[in-house]
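Enquirer: Just so you know, the sequence shown maps onto residues 66 to 350 in the working numbering. A virtual CB, placed ideally from N, CA and C, is assigned to each residue, including glycine.
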Amino acid sequence: MYKLALTFLIASAAVACSSGSGVAVASQRQGGTAQGVVVQVNPVFVVDDLANAPAGATAVAGASIRIFDLADMLVAEVASGADGSFSAPGLPAGLLRAEVRLDAASADPDVSVEFTSVPNVVVPLGRTFPVDRAAAAAAALAGVPVSALVVGSLQPFPLGTVVQPAARAESDAITVLAGDAYLFFVDLAPAARFAHPCEFRFVDATSGEVTVVGDLDFYPNVNGAGLWSGSFRYRDPRGDPTSEVVQRIERRASGAGCGARRTRDPRSTRDRAWCRGGDSNPHFK
Numbered sequence: 066m067y068k069l070a071l072t073f074l075i076a077s078a079a080v081a082c083s084s085g086s087g088v089a090v091a092s093q094r095q096g097g098t099a100q101g102v103v104v105q106v107n108p109v110f111v112v113d114d115l116a117n118a119p120a121g122a123t124a125v126a127g128a129s130i131r132i133f134d135l136a137d138m139l140v141a142e143v144a145s146g147a148d149g150s151f152s153a154p155g156l157p158a159g160l161l162r163a164e165v166r167l168d169a170a171s172a173d174p175d176v177s178v179e180f181t182s183v184p185n186v187v188v189p190l191g192r193t194f195p196v197d198r199a200a201a202a203a204a205a206l207a208g209v210p211v212s213a214l215v216v217g218s219l220q221p222f223p224l225g226t227v228v229q230p231a232a233r234a235e236s237d238a239i240t241v242l243a244g245d246a247y248l249f250f251v252d253l254a255p256a257a258r259f260a261h262p263c264e265f266r267f268v269d270a271t272s273g274e275v276t277v278v279g280d281l282d283f284y285p286n287v288n289g290a291g292l293w294s295g296s297f298r299y300r301d302p303r304g305d306p307t308s309e310v311v312q313r314i315e316r317r318a319s320g321a322g323c324g325a326r327r328t329r330d331p332r333s334t335r336d337r338a339w340c341r342g343g344d345s346n347p348h349f350k
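Structural data, given as structure tokens:
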């Protein structure tokens, strides 16, 4: 059943969350947003606010920001304004990568930032928290069996984010975050098809407190979008675990064939190979 800690609220799916930047409204699903400020000392940085830039840094106007999904498809392209700031709305859910170039024609980005996008949430790239992602992942892993697969958000989700198992009825209880928290999905039977035993683990980005929501049987649905529903959601085109994976399960040898492929967008820096899964189970890790 759902377990409650002071940093979280349990409510019904009919709860209306207050509107505002970074606050989720479950009934009004929109794309995610990435925003930040491009600054340069040497090298280039992306910060959430110019006040948090390194000493001596100056804002960079006209920088190219391209955002790619896990399949290296270009999903957004914007330029920084006169104050170095940018905003890229309407992003799809899942692991995305922002590539920043001072020269848009450059083959390689000056800086690259990965983040986890969900609907109705603004991700301030470069923002830091008292509990960083490495510390949050270590806390989330406490007591997790080595046979489990653990995948988690790269940054905390904000106040009002709505999390529930993907296949639960809307009338069932859902978790509404009452503060910034990382989400970790613990798949206790990663070789099985859904439904099967799972847990959600939330780590408070300020205190490090862990809240375990157990007795679940599906991957998480965050603000109306499913995350980590299968290995294609947390493996790159070569079949390697992405940066969202905290504890991996080795894929069983199955005679699958691998072949090189070109990236789908020539402006992406990643040159990948695609491995077709030989196992008939699409959720096999």
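(1) Among Ala246, Val188, Phe259, Gly304, which one has its Cα closest to the Cα of Val112?
(2) Output the distance between the C-alpha atoms of Leu160 and Asn286, rounded to the nearest integer angstrom.
(3) Counting Cβ pairs closer than 8 Å, one from the segment 203 to 216 and one from the segment 115 to 135, do we hit at least three?
(4) Between the alpha carbons of Asp269 and Arg131, how many angstroms are there, rounded?
(5) Alpha carbon to alpha carbon, how far is Ser294 from Ala158?
(6) Since Arg166 is in the beta strand (DSSP E), which residue starts that stretch and which ends it?
(7) Using three-state DSSP, classify Ala122 as helix, strand or coil.
(8) Considering Leu248, what are the terminal residues of the beta strand (DSSP E) in which it resides?
(9) Is it true that the CB of Gln95 sits closer than 7 Å to the CB of Pro184?
(10) Under a Cβ-count criterion, where at least 16 other Cβ atoms within 10 Å of its own Cβ denotes burial, should Arg266 be classed as buried or exposed?
(11) Using a Cβ-Cβ cut-off of 7 Å (strictly less than) and excluding sequence neighbours within five positions of Ala89, which residues of its own chain qualify?
(12) Could you tell me the alpha carbon to alpha carbon distance between Ala136 and Ser272, rounded to whole angstroms?
(13) Would you report the Cα separation of Gly149 and Val275, rounded to the nearest angstrom?
(14) Relative to the C-alpha of Val216, which candidate in Ile239, Leu190, Thr123, Glu264 has its C-alpha closest?
(15) Which residues in the same chain as Ala128 place their Cβ atom closer than 6 Å to its Cβ, once the five residues preceding and following it in sequence are excluded?
(16) Which residues does DSSP list as the beta-bridge partners of Asp269?
(17) Taking 7 Å as the threshold (C-beta atoms), are Phe283 and Ala202 in contact?
(18) In whole angstroms, what separates the C-alpha of Phe110 from that of Val176?
(19) What span of residues does the beta strand (DSSP E) with Leu139 cover, start to end?
(20) In or out: Pro154 buried (at least 16 other Cβ within 10 Å) or exposed?
(21) On the DSSP bridge assignment, give the partners of Gly191 in chain order.
(22) With a threshold of 16 other CB atoms inside 10 Å of the CB of Val17, please say whether the residue is buried or exposed.
Expert: With the structure as the only source:
(1) Here residue 112 corresponds to residue number 47 of the sequence shown, with the count starting at 1. Considering only alpha carbons, the answer is Val188.
(2) For the purposes of this step, residue 160 is taken as residue 95 along the sequence shown, with counting starting at 1. For the purposes of this step, residue 286 is taken as residue 221 along the sequence shown, with counting starting at 1. CA-to-CA, the gap between Leu160 and Asn286 works out to about 14 Å.
(3) no
(4) Walking along the sequence shown from the start, residue 269 turns up at place 204. Walking along the sequence shown from the start, residue 131 turns up at place 66. The straight-line gap from Cα to Cα measures roughly 30 Å.
(5) Reading the sequence shown from its first residue, position 229 is the one you call residue 294. Reading the sequence shown from its first residue, position 93 is the one you call residue 158. Taking the straight line from one Cα to the other gives about 12 Å.
(6) Walking along the sequence shown from the start, residue 166 turns up at place 101. DSSP places Arg166 in the uninterrupted beta strand (DSSP E) bounded by 159 to 166.
(7) Within the sequence shown, numbered from 1, the residue matching residue 122 stands at position 57. Correct three-state label for Ala122: coil.
(8) Working through the sequence shown from its first residue, we reach residue 248 at position 183. First-last of the beta strand (DSSP E) with Leu248: 246 to 252.
(9) The count along the sequence shown starts at 1 and reaches residue 184 at position 119. The count along the sequence shown starts at 1 and reaches residue 95 at position 30. Contact flag set, yes.
(10) Here residue 266 corresponds to residue number 201 of the sequence shown, with the count starting at 1. Classification of Arg266: buried, given that the 10 Å Cβ count is 16 or more.
(11) Here residue 89 refers to the residue found at position 24 of the sequence shown. Here the model assigns Ala89 a pLDDT of 28, short of 50, so the residue's position is not dependable, and the following value carries that caveat. Excluding sequence neighbours, Ala89 sits near Cys82, Asn185, Val186, Gly225, Thr226, Val227, Asn288.
(12) For the purposes of this step, residue 136 is taken as residue 71 along the sequence shown, with counting starting at 1. For the purposes of this step, residue 272 is taken as residue 207 along the sequence shown, with counting starting at 1. Their Cα atoms are separated by approximately 35 Å.
(13) Within the sequence shown, residue 149 is the residue found at index 84, counting from 1. Within the sequence shown, residue 275 is the residue found at index 210, counting from 1. Taking the Cα positions, Gly149 is about 36 Å away from Val275.
(14) As a position in the sequence shown, residue 216 is number 151, starting the count at 1. The shortest Cα separation from Val216 among Ile239, Leu190, Thr123, Glu264 belongs to Glu264.
(15) Residue mapping note: residue 128 aligns to position 63 of the sequence shown, counting from 1. Contacts found: Val103, Ser145, Val165, Leu167.
(16) Counting from one through the sequence shown, the residue named residue 269 turns up at place 204. In the DSSP output, where bridge partners are listed per residue, Asp269 has Ala246.
(17) Taking the sequence shown and counting its residues from 1, one reaches residue 202 at position 137. Taking the sequence shown and counting its residues from 1, one reaches residue 283 at position 218. No, these two residues do not count as a Cβ contact at 7 Å.
(18) For the purposes of this step, residue 110 is identified with residue 45 of the sequence shown, where counting begins at 1. For the purposes of this step, residue 176 is identified with residue 111 of the sequence shown, where counting begins at 1. The straight-line gap from Cα to Cα measures roughly 7 Å.
(19) Your numbering for residue 139 matches position 74 in the sequence shown. It spans 139 to 144 - the beta strand (DSSP E) in which Leu139 sits, taken as one unbroken run.
(20) Within the sequence shown, numbered from 1, the residue matching residue 154 stands at position 89. Label assigned to Pro154: exposed.
(21) Locating residue 191 in the sequence shown gives position 126, where the first residue counts as 1. Its beta-bridge partners do not exist; DSSP assigns none.
(22) It is not possible to answer for residue 17, since the shown part of the chain is limited to 66 through 350.
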